[in-house]
Amino acid sequence: MSSTCKTIVWFRKDLRIDDNPALATAARDGQVLPVYIWCPKEEGQFYPGRVSRWWLQQSLVHLNQSLKSLGVSLVFMKAESTVSALLRCFEAVGATKIVYNHLYDPVSLVRDHTIKVKLAEHGICVQSFKGDLLYEPWEVYDEEGHAFTTFNAFWRKCVNLSIEPASVFPPWKLVPPAGTVDGCSIEELGLEDELEKSSNALLGKGWSPGWTNADKTLAEFVDRHLIDYSNSRVRLEGVTSSLLSPYLHFGEVSVRKVFQCIRMKQIIWAKEGNLLGEKNVKLFLRSLGLREYSRYLCFNFPFTQERSLMNNLRFFPWRSEHGDFKAWRQGKTGYPLVDAGMRELWATGWMHNRIRVIAASFFVKFLLLPWTWGMKYFWDTLLDADLESDILGWQYISGSLPDGHKLNRLDSPQVQGSKFDPEGEYVRQWLPELARMPSEWIHHPWNAPSLVLRAAGVELGLNYPKPIIDIDLAKERLVDALSTTCQAETTARSANANGMEEVVMDNMDRAENWKIPVVVLKENVSHSTSLSDQRVPSFQNCKNGSASRKRPLCVEAGRPSPNKIQSNDCESETSGTGGLDLHSTAESTSAKRQSTSSALPFMVLDSSLNVEVLQEKGLAYAMKQQNEGTSKGRNQLEA
Amino acid sequence: YYSPLPAVEVVSGRERLKRHRNEVAGRVWIPDLWGHEKLLKEWTDCSAFDSALFPNGLMSARAALVREGRR
Numbered sequence: 017m018s019s020t021c022k023t024i025v026w027f028r029k030d031l032r033i034d035d036n037p038a039l040a041t042a043a044r045d046g047q048v049l050p051v052y053i054w055c056p057k058e059e060g061q062f063y064p065g066r067v068s069r070w071w072l073q074q075s076l077v078h079l080n081q082s083l084k085s086l087g088v089s090l091v092f093m094k095a096e097s098t099v100s101a102l103l104r105c106f107e108a109v110g111a112t113k114i115v116y117n118h119l120y121d122p123v124s125l126v127r128d129h130t131i132k133v134k135l136a137e138h139g140i141c142v143q144s145f146k147g148d149l150l151y152e153p154w155e156v157y158d159e160e161g162h163a164f165t166t167f168n169a170f171w172r173k174c175v176n177l178s179i180e181p182a183s184v185f186p187p188w189k190l191v192p193p194a195g196t197v198d199g200c201s202i203e204e205l206g207l208e209d210e211l212e213k214s215s216n217a218l219l220g221k222g223w224s225p226g227w228t229n230a231d232k233t234l235a236e237f238v239d240r241h242l243i244d245y246s247n248s249r250v251r252l253e254g255v256t257s258s259l260l261s262p263y264l265h266f267g268e269v270s271v272r273k274v275f276q277c278i279r280m281k282q283i284i285w286a287k288e289g290n291l292l293g294e295k296n297v298k299l300f301l302r303s304l305g306l307r308e309y310s311r312y313l314c315f316n317f318p319f320t321q322e323r324s325l326m327n328n329l330r331f332f333p334w335r336s337e338h339g340d341f342k343a344w345r346q347g348k349t350g351y352p353l354v355d356a357g358m359r360e361l362w363a364t365g366w367m368h369n370r371i372r373v374i375a376a377s378f379f380v381k382f383l384l385l386p387w388t389w390g391m392k393y394f395w396d397t398l399l400d401a402d403l404e405s406d407i408l409g410w411q412y413i414s415g416s417l418p419d420g421h422k423l424n425r426l427d428s429p430q431v432q433g434s435k436f437d438p439e440g441e442y443v444r445q446w447l448p449e450l451a452r453m454p455s456e457w458i459h460h461p462w463n464a465p466s467l468v469l470r471a472a473g474v475e476l477g478l479n480y481p482k483p484i485i486d487i488d489l490a491k492e493r494l495v496d497a498l499s500t501t502c503q504a505e506t507t508a509r510s511a512n513a514n515g516m517e518e519v520v521m522d523n524m525d526r527a528e529n530w531k532i533p534v535v536v537l538k539e540n541v542s543h544s545t546s547l548s549d550q551r552v553p554s555f556q557n558c559k560n561g562s563a564s565r566k567r568p569l570c571v572e573a574g575r576p577s578p579n580k581i582q583s584n585d586c587e588s589e590t591s592g593t594g595g596l597d598l599h600s601t602a603e604s605t606s607a608k609r610q611s612t613s614s615a616l617p618f619m620v621l622d623s624s625l626n627v628e629v630l631q632e633k634g635l636a637y638a639m640k641q642q643n644e645g646t647s648k649g650r651n652q653l654e655a
Numbered sequence: 024y025y026s027p028l029p030a031v032e033v034v035s036g037r038e039r040l041k042r043h044r045n046e047v048a049g050r051v052w053i054p055d056l057w058g059h060e061k062l063l064k065e066w067t068d069c070s071a072f073d074s075a076l077f078p079n080g081l082m083s084a085r086a087a088l089v090r091e092g093r094r
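Here the protein sequences line up with chains A and B, keeping their order.
Converting from the first sequence to the numbering used here requires adding 16 to each position, the first position being numbered 1.
Converting from the second sequence to the numbering used here requires adding 23 to each position, the first position being numbered 1.
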């Protein structure tokens, strides 16, 4: 503990003072220079959307005030390259060390690693900490050392693991180093465009970003609303869930602290014999778990060129209908529940997890619009837009996860309306044009007798749209789309088989990449005790990967059952975490599927629809691994 | 010293959002133009998106983090 140590604290998505391991370490070691670097260029495809940037700006102002009251100012820098900005900081104050908290999205992973390497070349000490998760993605695996592929199994394991308590005390006083860094004002970061200001003004009325507000929200939730949490999961109207998702996304509240508060409640309620309380605690912890799981999946099963984000939809015949997209965006699809959700999203930057699932499913399955459009729109309008949670959500609704919805599942907004908004209060609040519709018809006004419509002042096609597409037609269209997908997959596969050699040559890298998840954790487990270095598995044996993988989707997708609308009784929610619902069908479908595929954990990588292929390949690969011996040819990828 | 009760009513975040919703629900017009319409065509092909999820060096960055984390 040397008081002369000068440390740079690099803030990213950990905009808090309390339980911030990087900040606490720096404060303990000596002088502290906190910086926030905004480098739009490096964000690339994942440049934050409008409302996300609005939140960020407010939160940074808040953090800066807090740091000032502790004795230092937050330095803002707008940079072309984060490394060069950091080096400027080092030169300006003569710092010797930099600390930050981990992030796990692909962009941050690569950037952080590059920075670590570059700064080490300059003789600078870099230290990073777990500040965003309860469990590091490499800490949780099954008996055999494989990564989990279903949420239930993952979470069961997690709750049995011990986590170190949030015992990092916030610093009482921070001492700045001598020297000044040439930073800029927060406005100069350009987080808010002139044109965006009026839309953003709306958000400021509903939300208060900043870590102290996060703490208040948490405390209020735990004291007053946690006991009723299970109710909030099926009630769309009112504000009943935790509302913590944007705060968690920006690290304004430590997830460990949230966990701890909830656990304390659990202990108290257990002692009091409060069964309802205990049940609600479990449900809420599951929501936190889904956030962990989103990081876990992205990290352990990284997307590759071979395994795209929505791999099972690669050949899906998307309809690029701009008009339909606009109708969805503006809440004019004629399906009240969807429309209400889209209006709430625009007005508040937030919507209930259930509505996220409904609106996104409608987008993909009723409208067959490219899912990327929907994701980009959510990305731009959700305050809690979060890469990993959003990916998990879109995968969940479109048949890309073993325990998610199947692609051929078409929920009727009418049925869902009667389930989650039985009185129609949610719809009435957001769609005043339907305010006088009786509950009986409010979720399907197109069926209402003309007398009822007239009495309610609703003229379909005039003051409220007719359904953008009829449900039966939507079912037919989805069936067609699925069989087209299936055929295209088959064609691609045979084409690939014919041009096998060439394809293999071309796709060497890809074939390598997509195999990663098969072994990544297994390798770690079986060798981590004897070898200190973590090896990246070798993928040189997967030459036939790209070809054999293209088994048609027909197994299930070719036989959708358009007349059977599946319901989602057992869904739980994750709105508190910003993620979409994940485990609705987990109990029912994943158990069934697991029985046929549990031996091969990477099934999740691909569509759950081509289990067989994966099994074949997995076995072949496992055998090869065995033959080759596990110690050979590991660091291929690194080289 | 401190005053035990605040002079003005402190509105919780939840209450603020509730009030905001009541105020704006049904009265917000979603603009005709989102502003990103011209990018839609580009986004239809999700390969840019996919490759952004697999930047160069991802695997070694992951491995290094795990290695460090396990130390």
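For each residue, glycine too, the CB sits at the ideal point set by N, CA and C.
Review point. Just the Cα atoms here: how many angstroms apart are K298(A) and L40(B)?
Key: Taking the first residue of the first sequence as position 1, residue 298(A) is located at position 282. Taking the first residue of the second sequence as position 1, residue 40(B) is located at position 17. Rounded to the nearest angstrom, the two C-alpha atoms are 26 Å apart.
Exercise for review: Could you tell me which residues DSSP puts in a beta bridge with V48(A)?
Suggested key: Against the first sequence, residue 48(A) aligns to sequence position 32. In DSSP, V48(A) forms a bridge with T23(A).
**Study point:** Short Cβ contact (8 Å threshold) for S324(A) with D73(B)
**Key:** Translated into the one-based positions of the first sequence, residue 324(A) becomes position 308. Translated into the one-based positions of the second sequence, residue 73(B) becomes position 50. Yes, the Cβ-Cβ distance between S324(A) and D73(B) is below 8 Å.
**Study point:** When L102(A), Y63(A), G46(A) are compared against F27(A), the one with the closest alpha-carbon
**Key:** Within the first sequence, numbered from 1, the residue matching residue 27(A) stands at position 11. That would be L102(A), whose Cα lies nearest to the Cα of F27(A).
Review point. Can you list, in chain order, the stretches of the alpha helix (DSSP H) that have 4 or more residues and sit fully within the segment 86–112 of chain A?
Key: 98–109
Check your understanding: Between R127(A) and the rest of its own chain, which residues show a CB-CB distance below 7 Å, the 5 nearest in sequence each way excluded?
Key -> Your numbering for residue 127(A) matches position 111 in the first sequence. Within the same chain, R127(A) has close Cβ partners E58, T98.
Review point. Any beta-carbon of chain B closer than 8 Å to the one on P122(A)?
Key: Taking the first residue of the first sequence as 1, we reach residue 122(A) at position 106. Judged by the 8 Å Cβ criterion, P122(A) is in contact with chain B.
**Study point:** chain A contact residues for K41(B), given Cβ-Cβ distances below 8 Å
**Key:** Position 18 of the second sequence holds residue 41(B). Simply G254, V255.
Review point. In angstroms, rounded to a whole number, what distance separates the CA positions of R425(A) and P186(A)?
Key: The residue labelled residue 425(A) in the question sits at position 409 within the first sequence. The residue labelled residue 186(A) in the question sits at position 170 within the first sequence. Approximately 48 Å between the Cα atoms of the pair.
Review point. List, in order along the chain, the chain B residues whose C-beta lies closer than 8 Å to that of W661(A)?
Key: Since the first residue of chain A shown is 17 and the last is 655, residue 661(A) is not available in this structure.
**Study point:** Short CB-CB distance (under 8 Å) between Q411(A) and chain B
**Key:** As a first step, residue 411(A) must be located in the first sequence, where it is residue number 395. For Q411(A), the answer is no, since every Cβ of chain B falls outside 8 Å of its Cβ.
Practice item. Hey, could you find the ends of the beta strand (DSSP E) F145(A) is sitting in? Key: Taking the first residue of the first sequence as 1, we reach residue 145(A) at position 129. Unbroken beta strand (DSSP E) run through F145(A): 141–145.
Review point. According to the neighbour-count rule (16 or more other Cβ atoms, all chains shown, within 10 Å of its Cβ), is R37(B) buried or exposed?
Key: Stepping through the second sequence from its first residue, residue 37(B) is reached at position 14. Buried: at least 16 other Cβ atoms inside 10 Å.
Review point. Can you give the Cα-Cα distance for Q61(A) and G293(A), rounded to whole angstroms?
Key: Taking the first residue of the first sequence as 1, we reach residue 61(A) at position 45. Taking the first residue of the first sequence as 1, we reach residue 293(A) at position 277. Rounded to whole angstroms, Q61(A) to G293(A) spans 42 Å at the Cα level.
Review point. What's the call for P481(A), buried or exposed, on a 16-neighbour Cβ count within 10 Å?
Key: Along the first sequence, read from residue 1 onward, the residue named residue 481(A) stands at position 465. It counts as buried.
Review point. Which one of G206(A), V175(A), N229(A), D30(A) has the shortest CA to CA distance from C55(A)?
Key: Working through the first sequence from its first residue, we reach residue 55(A) at position 39. Residue G206(A) is the option with its Cα nearest to C55(A).
Review point. Is the distance from the Cβ of G80(B) to the Cβ of W446(A) below 8 Å?
Key: Residue 80(B) sits at position 57 when you count from the first residue of the second sequence. Residue 446(A) sits at position 430 when you count from the first residue of the first sequence. For G80(B) and W446(A), no; Cβs fall outside 8 Å.
Check your understanding: Taking C-alpha atoms, which residue in V34(B), S35(B), I53(B) lies nearest to L218(A)?
Key -> Within the first sequence, numbered from 1, the residue matching residue 218(A) stands at position 202. The residue with the shortest Cα to Cα distance from L218(A) is I53(B).
Review point. Taking 8 Å as the CB-CB cut-off, is Y157(A) touching chain B?
Key: The residue you call residue 157(A) lines up with position 141 of the first sequence. Taking Cβ atoms only, chain B never reaches closer than 8 Å to Y157(A), which makes this a no.
Review point. Once you ignore the five residues that flank N296(A) on each side, which residues in its own chain have a CB closer than 8 Å to its CB?
Key: Here the question's residue 296(A) lines up with position 280 in the first sequence. Excluding sequence neighbours, N296(A) sits near L242, I243, D244, Y245, S246.
Check your understanding: Is the Cβ of G339(A) closer than 8 Å to any Cβ of chain B?
Key -> Residue numbering aside, residue 339(A) sits at position 323 when the first sequence is read from its first letter. No, G339(A) lies away from the interface with chain B (no Cβ there is under 8 Å from its Cβ).
**Study point:** Minimum Cβ-Cβ distance from T41(A) to chain B less than 8 Å
**Key:** In the first sequence, the residue the question calls residue 41(A) occupies position 25. No, no contact with chain B.
Practice item. Could you list the residues in the segment 219–238 of chain A with a C-beta less than 7 Å from some C-beta on chain B, going in chain order? Key: K221, G222, W223, S224, N229, K232, T233, E236
Practice item. List the residues of chain B that V354(A) touches, going by C-beta distances under 7 Å, in chain order. Key: Taking the first sequence and counting its residues from 1, the one referred to as residue 354(A) is at position 338. Going along chain B, no residue has its Cβ under 7 Å from V354(A), so there is no contact; the nearest lies around 13 Å.
Review point. Hey, is the segment 143–158 of chain A in contact with the segment 36–46 of chain A, meaning 3+ C-beta pairs nearer than 8 Å?
Key: yes
**Study point:** Nearest-angstrom beta carbon gap, E308(A) and L83(A) [assumed within contact, 8 Å]
**Key:** Counting from one through the first sequence, the residue named residue 83(A) turns up at place 67. Counting from one through the first sequence, the residue named residue 308(A) turns up at place 292. That belief does not hold up - the Cβ atoms of L83(A) and E308(A) are roughly 28 Å apart, past 8 Å.
Check your understanding: Expressed to the nearest angstrom, what Euclidean distance is found between the alpha-carbon atoms of W171(A) and S405(A)?
Key -> Within the first sequence, residue 171(A) is the residue found at index 155, counting from 1. Within the first sequence, residue 405(A) is the residue found at index 389, counting from 1. Distance between the alpha carbons of W171(A) and S405(A) is about 16 Å.
Practice item. Would you list the one or two residues that DSSP bridges to N117(A)? Key: Counted from its first residue, the first sequence places residue 117(A) at position 101. The partner list for N117(A) (beta bridge, DSSP) reads F145(A).
Practice item. Check the DSSP bridge columns for M277(A) and list the partner residues they point to. Key: Indexing the first sequence from 1 puts residue 277(A) at position 261. One detail in the question is off: residue 277(A) reads as Cys in this sequence, not Met. In DSSP, C277(A) forms no bridge with anything.
Practice item. Classify G53(A) as helix, strand or coil using the three-state DSSP reduction. Key: Here residue 53(A) refers to the residue found at position 37 of the first sequence. Looking at the sequence shown, residue 53(A) is not Gly but Ile. Residue state, collapsed to three classes: strand.
Check your understanding: With contact counted as at least three CB pairs below 8 Å, one residue from each stretch, are the segment 312–323 of chain A and the segment 384–400 of chain A in contact?
Key -> no
Review point. Between which two residues does the alpha helix (DSSP H) carrying G433(A) extend?
Key: For the purposes of this step, residue 433(A) is taken as the residue at position 417 of the first sequence. 429–436 is the extent of the alpha helix (DSSP H) around G433(A).
Practice item. Closer than 7 Å by C-beta to C353(A): which residues in its own chain qualify, once you throw out the five before and the five after it? Chain order, please. Key: For the purposes of this step, residue 353(A) is taken as residue 337 along the first sequence, with counting starting at 1. For the record, residue 353(A) in the displayed sequence is Leu; it is not Cys. I374, P429, Q432, G433, D437, V443, H459, listed in sequence order.
Practice item. Tell me, to the nearest whole angstrom, how far the beta carbon of A497(A) is from that of P262(A); I am working on the premise that it is less than 8 Å. Key: Residue numbering aside, residue 497(A) sits at position 481 when the first sequence is read from its first letter. Residue numbering aside, residue 262(A) sits at position 246 when the first sequence is read from its first letter. With 8 Å as the limit, A497(A) and P262(A) do not qualify as a contact, their Cβ atoms being about 35 Å apart.
Exercise for review: Please find out if some non-hydrogen atom of the ligand NAD comes closer than 7 Å to the beta-carbon of N229(A).
Suggested key: This structure does not include the ligand NAD; it has no bound ligands of any sort.
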